[in-house]
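Residue numbers (the working numbering): 20 to 214. Worksheet: one structure, shown below.
Written out as structure tokens, the structure is:
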């Protein structure tokens, strides 16, 4: 006996299920952690922001990319995400946690950290109000530092990238080494949740 045609009609469920933490929903913001890491290929060094904790290439003799040695004023290192496949809006304060070493106890370095949106034409827009500056003092051993970086509310469009740019502005002659071996240093980026 054939099935009644009225019973052959049905609706399908949603193709995806989104889950959010209650606190994220209540605040309207969810943080995504991007780890700082590096790789080397035939084109050269790449410094990456990735949501996965991936070990950096630290193979001896190839110019390991698990650290950046800031040996002179004006030295800059940028870490960049892959292109976003959906638009997302950043809003709130970004947190930059990093480990570093100074070559001389009591030495001083001044760093600026900026959060930048890179469009599809590689144009940069600073969304961190000119960056946040910090002074590094007194430590020769590995030390952690946390910076709060206020962000201008910005929608990152499909195909655009997010970049962390770190610049050493001044020092009293000592070197600073920033560690970025995939788990030591990261940024927490606040994205708006629109329900």
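Backbone N, C-alpha and C fix where the C-beta goes; we use that ideal spot for every residue, glycine too.
Check whether the Cβ atoms of residue i and residue j sit closer than 9 Å, and answer yes or no.
{"i": "residue 136", "j": "residue 96", "result": "no"}
{"i": "residue 54", "j": "residue 147", "result": "no"}
{"i": "residue 198", "j": "residue 161", "result": "yes"}
{"i": "residue 170", "j": "residue 111", "result": "yes"}
{"i": "residue 59", "j": "residue 99", "result": "no"}
{"i": "residue 195", "j": "residue 101", "result": "no"}
{"i": "residue 44", "j": "residue 214", "result": "yes"}
Can you give me the Cβ contacts of residue i inside the same chain, cut-off strictly under 6 Å, excluding the 5 residues immediately before and after it?
{"i": "residue 38", "result": "none"}
{"i": "residue 143", "result": "135 and 137"}
{"i": "residue 176", "result": "106"}
{"i": "residue 207", "result": "50, 52 and 114"}
{"i": "residue 172", "result": "110"}
{"i": "residue 163", "result": "118"}
{"i": "residue 133", "result": "145, 147, 150 and 184"}
According to DSSP, simplified to helix, strand and coil, what is residue i?
{"i": "residue 79", "result": "Confidence at residue 79 is low in this model, with a pLDDT of 49, below 50, so its placement is unreliable and the value that follows should be read with caution. Residue state, collapsed to three classes: coil."}
{"i": "residue 21", "result": "coil"}
{"i": "residue 205", "result": "strand"}
State buried or exposed for residue i, treating a residue as buried only when at least 16 other CB atoms are found within 10 Å of its CB.
{"i": "residue 167", "result": "exposed"}
{"i": "residue 70", "result": "exposed"}
{"i": "residue 174", "result": "exposed"}
{"i": "residue 79", "result": "Because residue 79 carries a pLDDT of 49, less than 50, the predicted location of this residue cannot be relied on, and no value is offered for it."}
{"i": "residue 178", "result": "exposed"}
Apart from the five residues just before and just after residue i, which ones in its own chain have a Cβ nearer than 7 Å to its Cβ?
{"i": "residue 211", "result": "47, 48, 108 and 110"}
{"i": "residue 104", "result": "177"}
{"i": "residue 139", "result": "178 and 179"}
Complete runs of the beta strand (DSSP E) confined to the segment 116-140 [at least 3 residues]: 127-137
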